[in-house]
Each structure stands twice: as structure tokens, then as C-alpha cells.
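Below: the structure, in C-alpha cells.
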Amino acid sequence: MIKDNDNFKLVLSLDGPCPSLLELFSDVELTMPEAGQLTNTKQVTFILRNQETVSLLVSKDDLKVRFQANVASAIQLVLTESYKRLTSSKYNLNVSSSTKLPTLDLTDAIDKHFAYRSEILSLRKTLEDRTY
0 MIKDNDNFKL
10 VLSLDGPCPS
20 LLELFSDVEL
30 TMPEAGQLTN
40 TKQVTFILRN
50 QETVSLLVSK
60 DDLKVRFQAN
70 VASAIQLVLT
80 ESYKRLTSSK
90 YNLNVSSSTK
100 LPTLDLTDAI
110 DKHFAYRSEI
120 LSLRKTLEDR
130 TY
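Below, the structure is given as C-alpha cells:
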């Protein structure tokens, strides 16, 4: 995953042409008033419940799909569902990624989480000592 100008990007490579994104996600309920007018089959944007957006863009040769979002965690849900659909028996595509994972960001997040948990345990202990 690459962080570029506060956007996170991940590229999947396919061993065959990507189906139309509108076809791939045909069962997803479109809530936009202009949903019937959608014609761009190579780009789709999902708005998640927390108002984060994830965009999918298919390359000109139909062999790559780029996922981008302003929050890295937002990509996971759409990426997982896309992977399931692309590798299903209907499309039977092999999917790979050469994008490096943000291990530094991941370890920083784990360190912060551990620090928060340690502080919470310390505060609970202090509260327990003071209440008895």
C-alpha cells in the first residue's frame, strides 16, 4: 500500500481482463438518484457508513485494479469483497499484488495500541487502589 498525498493506494494485478465494475458489483444497492445513468464501467466509488470513500479504478488494459482511499482501513472491506468476487467461479481470475504493505505504519499503529492499553490498565489499577 502506498501513501500519496494523504491517500492510500493498492494495486491488484489480474491474469485476465477485469469485468465491468458495474457488473462485478451489480448486487450492490445504488442509492444515488442518477444511478441509472452510470456508464463508466472502469471506475466506481463506495461511500462507507462512516463516510469514508474507497475508489476502484481499472487500468486501460483491464489487467490492473487500483484501490484508493483517504484511510487505509477503509480499503480492507472493499478489497476483501472484490477479491472474493474476482476469484469466484464466475470470473475465475488469479489476483496478485506487487504493492508493498505499509509495515512501518502497521507497527506504529500496534505500538500506539499497546501504549493505550498499558495506560488503560495503569489507570484501572490506580482507580481500583483509590476506591478500596
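Residue numbers (numbering that gives the first Met the number 0): 0 to 131. Note that the Cβ used here is the ideal one computed from N, Cα and C, for glycine as well.
Contact check for V64 and L103: beta-carbon distance about 25 Å, past the 8 Å limit, so the pair fails to qualify. The beta-carbon separation of F66 and L76, rounded to 10 Å, does not stay under the 8 Å limit for a contact.
C-alpha of I119 to C-alpha of Y131: approximately 19 Å in a straight line.
Fewer than three beta-carbon pairs drawn from the stretch 42–62 and the stretch 82–96 are found closer than 8 Å, and the two stretches are therefore not classed as touching. For R65, the three-state secondary structure derived from DSSP is strand. Only buried fits F7, as 16 or more other CB atoms lie within 10 angstroms of its CB. Rounded to whole angstroms, the gap between the alpha carbons of A114 and T106 is 12 Å. For the stretch 62–130, the continuous alpha helix (DSSP H) assignments of 4+ residues that do not extend past its boundaries occur at 71–85 and 102–130, in sequence order.
Looking at the DSSP output, L47 bridges to nothing. With a beta-carbon spacing of about 19 Å, V94 and L21 fall beyond the 8 Å limit used to define contacts.
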